[in-house]
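Residue numbers (the working numbering): 97 to 289.
Even glycine gets a Cβ: it sits at the ideal position worked out from N, Cα and C.
Read the structure below first, then the notes.
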């Protein structure tokens, strides 16, 4: 029989590890600079995911932490303050925060179980009441999504595209692969002006 709690925790941890490893070997500048037109940056993703875990798998299940985070205490989170690191926030500080969020979330899951009631105060009133299990699915999905963003941002910074990408090889593999994709796109554009 499938252990759904174990599966969810395993997939969550894989995405957490992938997210955290996206910062490995990069400068403090590169992990915090905006890499997309909307400002996506690696350290901001870590900060955002830490707050998300503390919120959904902490505060929403009766194990509050968010009020201790400055960007929640002053409500600047609602203006996007959780999506970037201030000049004073270090990689070590925000990775430590993320690791503490993991521990807090894991304790919530273990102590309360998937059927534990949860309430999300920032959701519309008619949708607020839910379960820890539903919130865990949300956190797994969001963490996987942002870990994928991190893979792409990292690739844009230094060419390292994440574990799956790196295992396939270097330029000798990727250059012809990308050239084939570009050629197909060019042929399509010519055939469909």
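9 Å Cβ cutoff met for residue i and residue j
{"i": "residue 156", "j": "residue 111", "result": "no"}
{"i": "residue 147", "j": "residue 167", "result": "yes"}
{"i": "residue 253", "j": "residue 126", "result": "yes"}
{"i": "residue 105", "j": "residue 178", "result": "no"}
{"i": "residue 187", "j": "residue 139", "result": "yes"}
{"i": "residue 247", "j": "residue 257", "result": "yes"}
{"i": "residue 123", "j": "residue 159", "result": "no"}
Simplified DSSP state of residue i, which is helix, strand or coil
{"i": "residue 123", "result": "coil"}
{"i": "residue 272", "result": "helix"}
{"i": "residue 225", "result": "strand"}
{"i": "residue 131", "result": "coil"}
{"i": "residue 196", "result": "helix"}
{"i": "residue 256", "result": "coil"}
{"i": "residue 159", "result": "coil"}
{"i": "residue 209", "result": "coil"}
{"i": "residue 244", "result": "helix"}
Cβ neighbour criterion (16 or more within 10 Å) applied to residue i
{"i": "residue 149", "result": "buried"}
{"i": "residue 137", "result": "buried"}
{"i": "residue 115", "result": "buried"}
{"i": "residue 143", "result": "buried"}
{"i": "residue 145", "result": "buried"}
{"i": "residue 219", "result": "exposed"}
{"i": "residue 118", "result": "buried"}
{"i": "residue 121", "result": "exposed"}
{"i": "residue 274", "result": "exposed"}
{"i": "residue 151", "result": "buried"}
Residue i - containing alpha helix (DSSP H), residue span
{"i": "residue 101", "result": "100-117"}
{"i": "residue 166", "result": "166-169"}
{"i": "residue 185", "result": "Element bounds for residue 185: n/a, residue is neither H nor E."}
{"i": "residue 146", "result": "138-152"}
Start and end residues, beta strand (DSSP E) containing residue i
{"i": "residue 213", "result": "213-215"}
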